[in-house]
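Trainee:
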């Protein structure tokens, strides 16, 4: 028996998880569904939840048979780029290619496995599969992430994200010429109606509010294989799955190198094998001490190189670009 995935329909929204599964053809009974839920073999949008969880339209329910249960979490000695650490909090720079927590197809080599080897103390509020995790970055998005080493820190950071008290800024290179120097994309996101691995702008009952603001940093002239590029700083006011990538594609300026929402043209994508998206700034008040922490993370080499290659086609930096670009693109050594 293989894993099964089910996207909650509008008619099913509001049902308890155990009832929903009990009504599906591939499970023999509601009691069988309950057993799988209690053993952690059922996830909703990647999270292990209880049988009383109320499902919402658009959520992705994944059922893994007992004989396909994921292996137990074990520490793995994977190097971490730690930028700040004390007894409560870790801030690290995640490299592209690293998955944050175990999921189907990624039962080892994740950030969680590395954290277990790095620290004996990690917050437990996000569940057994996500020790310490406060927020996520996509597999092929790099940059700054927070990790909680205790439950109090994890709870405070989670609430701070909800009330938008933590500043998270990203830099991204997108296709095309963005004329205004600033903008806002306020468009709800939900799971794509036909491809459940993708997200889409959608105002259905299962969608969630998503707000992204942006500042143009630099514009680049069109070439033989492209329609120009714009270097943009994005600020998140919500943290939905794939938010920046979906919002930029929605305004017809997809992220360069994005395999899911982008142009998928190797030359126009500057030869990149990952999306040009990097979490370069994180600013917050320490959840326990109140100390203000502000960290900056320059672009990794695989993004800095292609950006430098565009310098000859630059149409000039904006005022925001004069401020941000020297941070994210230090002088070549």
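Residue numbers (my numbering): 603 to 935.
Built from N, CA and C at the ideal position, the CB exists for glycine as well.
The model shown is predicted, which means the values in this text are computed figures rather than measured ones.
What whole-angstrom Cβ distance do residue 742 and residue 865 have, given they're in contact under 8 angstroms?
Mentor: Between residue 865 and residue 742 the Cβ distance is about 16 angstroms, and since that is not below 8 angstroms, they are no contact.
Trainee: Okay, do the segment 882-893 and the segment 804-822 touch, 3+ Cβ pairs below 8 angstroms being the bar?
Mentor: These segments do not touch.
Trainee: Taking the alpha carbon of residue 823 as the reference point, which residue from 853, 779 and 766 has its own alpha carbon closest?
Mentor: Of the listed residues, the one whose Cα sits closest to residue 823 is 779.
Trainee: Locate the beta strand (DSSP E) running through residue 685, then write down its first and last residues.
Mentor: From DSSP, the beta strand (DSSP E) with residue 685 extends over 683-687.
Trainee: Comparing C-alpha positions only, which one of 673, 635, 825 and 674 sits nearest to residue 655?
Mentor: If we check each option's Cα against that of residue 655, 635 comes out closest.
Trainee: At which residues does the beta strand (DSSP E) containing residue 846 begin and terminate?
Mentor: No beta strand (DSSP E) holds residue 846; the alpha helix (DSSP H) holding it covers 845-852.
Trainee: Assign residue 878 to buried or exposed, taking buried as 16 or more other Cβ atoms, counted over all protein chains shown, within 10 Å of its Cβ.
Mentor: With 16 or more other Cβ atoms within 10 Å, it is buried.
Trainee: Using the three-state DSSP reduction, which class does residue 788 fall into: helix, strand or coil?
Mentor: Note: residue 788 maps to strand in three-state DSSP.
Trainee: The beta strand (DSSP E) spanning residue 645 covers which residue range?
Mentor: Taken as a continuous stretch (DSSP letters only), the beta strand (DSSP E) holding residue 645 covers 644-646.
Trainee: Taking the alpha carbon of residue 627 as the point to measure from, which residue in 606, 615 and 646 has its own alpha carbon closest?
Mentor: Here the closest residue by C-alpha is 606.
Trainee: Since residue 725 contacts residue 751 with CB under 8 angstroms, what's their CB separation in whole angstroms?
Mentor: Their Cβ separation, rounded to whole angstroms, is 7 angstroms, which keeps residue 725 and residue 751 in contact under 8 angstroms.
Trainee: Cβ atoms of residue 852 and residue 803: under 8 angstroms apart, would you say?
Mentor: Yes. Within cutoff.
Trainee: Using a Cβ-based criterion (distance less than 7 angstroms to any ligand heavy atom), does residue 758 qualify as near the ligand NAD?
Mentor: Of ligands this structure carries none, so the ligand NAD is not represented either.
Trainee: Hey, how far is the Cα of residue 932 from the Cα of residue 900?
Mentor: Rounded to the nearest angstrom, the two C-alpha atoms are 7 angstroms apart.
Trainee: Starting from residue 637, follow the alpha helix (DSSP H) in both directions and report where the run begins and ends.
Mentor: Looking at the DSSP string, the run of the alpha helix (DSSP H) that includes residue 637 is 632-640.
Trainee: On the criterion of 16 or more Cβ atoms from any shown chain inside 10 Å, does residue 603 qualify as buried, or is it exposed?
Mentor: Note that residue 603 scores 48 on pLDDT, short of 50, meaning its location in the model is unreliable; the coordinates nonetheless yield the value given after this. Exposed is the call here.
Trainee: Give me, in chain order, the residues of the same chain whose beta-carbon lies closer than 8 angstroms to that of residue 592; leave out the 5 immediate sequence neighbours on both sides.
Mentor: A question about residue 592 goes unanswered here, because the residues of the chain that appear run from 603 up to 935.
Trainee: For residue 682 versus residue 775, is the C-beta distance shorter than 8 angstroms?
Mentor: It is not a contact, given that the beta carbons lie outside the stated cut-off.
Trainee: For the beta strand (DSSP E) containing residue 764, list its first residue and its last residue.
Mentor: No beta strand (DSSP E) holds residue 764; the alpha helix (DSSP H) holding it covers 753-764.
Trainee: Measuring straight from C-alpha to C-alpha, what distance separates residue 745 and residue 881?
Mentor: If you take the alpha carbons of residue 745 and residue 881, they lie about 4 angstroms apart.
Trainee: Using only the alpha-carbon positions, how far apart do residue 719 and residue 913 sit?
Mentor: So the alpha carbons of these two residues sit roughly 42 angstroms apart.
Trainee: Just the Cα atoms here: how many angstroms apart are residue 611 and residue 665?
Mentor: Cα to Cα, residue 611 sits roughly 16 angstroms from residue 665.
Trainee: Between the Cα of residue 827 and those of 685, 868 and 842, spot the shortest distance and give me the residue it belongs to.
Mentor: Comparing Cα positions, the closest option is 868.
Trainee: With burial defined as no fewer than 16 other Cβ atoms inside 10 Å of the residue's Cβ, what is the status of residue 855: buried or exposed?
Mentor: Buried: at least 16 other Cβ atoms inside 10 Å.
Trainee: Relative to the C-alpha of residue 733, which residue among 781, 697 and 677 is closest?
Mentor: With distances taken between Cα atoms, residue 733 lies closest to 677.
Trainee: Can you list, in chain order, the stretches of the alpha helix (DSSP H) that have 4 or more residues and sit fully within the segment 859-915?
Mentor: The qualifying runs are 903-911.
Trainee: Give me, in chain order, the residues of the same chain whose beta-carbon lies closer than 7 angstroms to that of residue 739; leave out the 5 immediate sequence neighbours on both sides.
Mentor: 696, 702, 745, 747 and 881, listed in sequence order.
Trainee: Would you mind stating whether residue 579 and residue 647 have Cβ atoms separated by less than 8 angstroms?
Mentor: Missing from the structure shown is residue 579; the chain here goes from 603 to 935 and no further.
Trainee: Measuring CA to CA, which of 841, 847 and 698 is closest to residue 767?
Mentor: Per the Cα distances, 841.
Trainee: May I ask you to report which of helix, strand or coil DSSP gives residue 808?
Mentor: Coil, per DSSP.
Trainee: Using the three-state DSSP reduction, which class does residue 715 fall into: helix, strand or coil?
Mentor: Note: residue 715 maps to helix in three-state DSSP.
Trainee: Could you check the C-alpha separation between residue 645 and residue 651 for me, to the nearest Å?
Mentor: One C-alpha to the other measures close to 6 angstroms.
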